[in-house]
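Line by line, the protein sequences are chains C and D.
The first sequence begins at 101 in our numbering and counts up by one.
The second sequence begins at 101 in our numbering and counts up by one.
2 protein chains.
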Amino acid sequence: MSLREEILDVSKELLIKNGFGNISMRKIAKRLDVTATSIYLYFKNKDELLLSLIEESINNLNRSLKNSLVDGDDPVEQFESIINAYIGYALNHPQEYEIIYMVRAEEMPKYPKEKFEQIRDTYEILEKVIREGKDKELFEVDNPLISAYSIWAQTHGIVSVVLNKRLDTRIPTQQFINQAVEHLVQGFLVQKTPA
Amino acid sequence: MSLREEILDVSKELLIKNGFGNISMRKIAKRLDVTATSIYLYFKNKDELLLSLIEESINNLNRSLKNSLVDGDDPVEQFESIINAYIGYALNHPQEYEIIYMVRAEEMPKYPKEKFEQIRDTYEILEKVIREGKDKELFEVDNPLISAYSIWAQTHGIVSVVLNKRLDTRIPTQQFINQAVEHLVQGFLVQKTPA
DNA sequence: ATGTACAACTTAACAGTGTTAACCTATCGT
DNA sequence: ACGATAGGTTAACACTGTTAAGTTGTACAT
Chain C
101 MSLREEILDV
111 SKELLIKNGF
121 GNISMRKIAK
131 RLDVTATSIY
141 LYFKNKDELL
151 LSLIEESINN
161 LNRSLKNSLV
171 DGDDPVEQFE
181 SIINAYIGYA
191 LNHPQEYEII
201 YMVRAEEMPK
211 YPKEKFEQIR
221 DTYEILEKVI
231 REGKDKELFE
241 VDNPLISAYS
251 IWAQTHGIVS
261 VVLNKRLDTR
271 IPTQQFINQA
281 VEHLVQGFLV
291 QKTPA
Chain D
101 MSLREEILDV
111 SKELLIKNGF
121 GNISMRKIAK
131 RLDVTATSIY
141 LYFKNKDELL
151 LSLIEESINN
161 LNRSLKNSLV
171 DGDDPVEQFE
181 SIINAYIGYA
191 LNHPQEYEII
201 YMVRAEEMPK
211 YPKEKFEQIR
221 DTYEILEKVI
231 REGKDKELFE
241 VDNPLISAYS
251 IWAQTHGIVS
261 VVLNKRLDTR
271 IPTQQFINQA
281 VEHLVQGFLV
291 QKTPA
């Protein structure tokens, strides 16, 4: 394994084990028995190193979602399964999920936009499902692409509140998620014979 | 104005103007013509200083939402107005909004939970509106409190995606928000005579 | 075989960080 | 007049990201 790959591995391990505050170039280097400056031979700076980790994590999430796609042709079912897969992934790999969103908005201009648009893959799957549901008159959506982003944003919000431990202590997590997903799905279904 | 207040003011100003990466104890101190160590006379450490800023920001958001409550007794209307007020506040005061969510989950145990549960105020308003809507058979909700948290989480997700510039470049922000809010509200309305 | 170029790494240093311990000094109550 | 205390300061420690310059070993051309 190349040093570059080893750096990525150790970085991710330290990030997941010790959190954001406790990762430094020197600590990563020490684990590999090299000096901190060696890292700069493979990554322009710390931000670029972290960005590579983000890329990896996005790919993992994408792969996980793709694998979760159930067979069959019921768009509603597929829709729900994607949402649940997303939430499941996030809750089961919290640190890895957090990596994806750790870059603050203010620091974004530095990063090439395309990097973050890898995640488009996932939207396109979602968009396809929504479009099918729309054609079958099961979903009430205007623009499937925008709706795909909307569902993603809302799901991210749900996950994010749980992961950041911002949930009211009186509310059981699982119950919260179930209700939230229900509302979420409900928001897309057609209203049969509205008043 | 006491030094403590001045520290809070300058901290907030620097945070909003220069972002997270560019705020340090020494920089704050320099602006007030004191030394960095003076800050420790009023705040236990940097985290507690930032926590005080979070408190302030949560209160501002709460106040803003309370002021936005429209008169009248149409729960659906009130429901929408709160959501729009929340989104409006977040988009108009992005850095201030971000302050509220800047503390990472891993660092949370340090903080007294109650601090973050100030925001309960807001939920209780929302919960009340939802409960009214439920009583009038306008909303299809099981548990109004959980639903209030759900709506908040989903709204936060929408806002968060926009603020973090994670939106697909092909999608106009305003259109995204409109659609998202529509889905969001839709998810709570009763389905008249379902199939 | 010798010289050279280059890749891969290190050393030393800079400027900045949060934080602590020890110190100073003006003001106030007795 | 004296001692305590509030409200600061100085100096230092152990870190941080990052850069410029230096070292070393290996591969290739002559």
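No residue lacks a Cβ here, since even glycine has one placed at the ideal position from N, Cα and C.
query: Nearest-angstrom Cβ-Cβ length linking Val-285 (chain C) and Ala-253 (chain D), presumed shorter than 8 Å; result: No, Val-285 (chain C) and Ala-253 (chain D) are not in contact; Cβ-Cβ is about 15 Å, not under 8 Å.
query: Simplified DSSP assignment, three categories, for Lys-150 (chain D); result: First, the amino acid is wrong: residue 150 (chain D) is Leu here, not Lys. Note: Leu-150 (chain D) maps to helix in three-state DSSP.
query: Members of the segment 252-266 of chain D that neighbour chain C once the beta carbon cut-off is set at 9 Å; result: Trp-252, Ala-253, Gln-254, Thr-255, His-256, Gly-257, Ile-258, Val-259, Ser-260, Val-261, Val-262, Leu-263, Asn-264, Lys-265 and Arg-266
query: Residue span of the alpha helix (DSSP H) that contains Ser-124 (chain C), given as start and end; result: Careful: Ser-124 (chain C) lies outside any alpha helix (DSSP H) and carries neither H nor E.
query: Cutoff 8 Å: Asp-242 (chain C) Cβ touching any chain D Cβ; result: yes
query: C-alpha distance - Gly-188 (chain D) paired with Ala-136 (chain C), whole-angstrom precision; result: 44 Å
query: Glu-177 (chain C): contacting residues in chain D (beta-carbon distance under 7 Å); result: Under the 7 Å cutoff, chain D gives no residues; its nearest Cβ is about 16 Å from Glu-177 (chain C).
query: Residue of C:Gly-233, C:Leu-226 and C:Met-202 minimising C-alpha distance to Asp-173 (chain C); result: C:Gly-233
query: Same chain only: Cβ atoms within 7 Å of Ile-246 (chain D), ignoring 5 sequence neighbours per side; result: none
query: Best match in C:Ser-168, C:Ala-280, C:Arg-231 and C:Asn-159 for proximity to Tyr-197 (chain C) [C-alpha to C-alpha]; result: C:Asn-159
query: Amino acids of chain D, ordered along the chain, whose beta-carbon sits closer than 9 Å to that of Ser-124 (chain C); result: Simply none; closest approach about 15 Å.
query: Rounded C-alpha distance that separates Ile-219 (chain C) from Asp-109 (chain C); result: 22 Å
query: Simplified DSSP state of Phe-239 (chain C), which is helix, strand or coil; result: strand
query: Positions along the segment 171-201 of chain C whose CB lies within less than 8 Å of some CB in chain D; result: Pro-194, Glu-198 and Tyr-201
query: Cutoff 8 Å: Gly-287 (chain D) Cβ touching any chain C Cβ; result: yes
query: Spatial distance of Phe-288 (chain D) from Glu-240 (chain C) (CA atoms); result: 14 Å
query: Members of the segment 121-149 of chain C that neighbour chain D once the beta carbon cut-off is set at 8 Å; result: Gly-121
query: Nearest-angstrom beta carbon gap, Leu-263 (chain C) and Ala-190 (chain C) [assumed within contact, 8 Å]; result: 7 Å
query: Residue environment, Thr-255 (chain D), which counts as buried when at least 16 other CB atoms sit within 10 Å; result: buried
query: Coarse secondary structure for Leu-267 (chain C), derived from DSSP in three states; result: coil
query: Closer than 8 Å at the beta carbon, the chain C residues around Glu-206 (chain D); result: Gly-119, Phe-120 and Gly-121
query: Residue from D:Val-229, D:Glu-206 and D:Asp-221 with nearest C-alpha to Gln-178 (chain D); result: D:Val-229
query: Reference Phe-143 (chain D), options D:Glu-282, D:Ile-116, D:Arg-104 and D:Glu-206, closest by Cα; result: D:Arg-104
query: CB of Tyr-223 (chain D) within 8 Å of CB of Tyr-249 (chain D), strictly; result: yes
query: Minimum Cβ-Cβ distance from Gln-274 (chain D) to chain C less than 8 Å; result: no
query: Exposure of Ile-128 (chain D), with buried meaning 16 or more beta-carbon neighbours within 10 Å; result: buried
query: Euclidean distance between Cα positions of Leu-149 (chain D) and Asn-118 (chain D); result: 17 Å
query: Alpha carbon of Glu-227 (chain D) to alpha carbon of Ile-251 (chain C), nearest angstrom; result: 23 Å
query: Backbone secondary structure at Leu-289 (chain C) - three-state DSSP; result: strand
query: 9 Å Cβ cut-off: residues of chain C touching Ile-271 (chain D); result: Asn-243, Leu-245, Ile-246 and Tyr-249
query: Span separating the alpha-carbon of Val-48 (chain D) from that of Leu-238 (chain D); result: Outside the shown range of chain D, which is 101 to 295, sits residue 48 (chain D), and nothing can be said about it.
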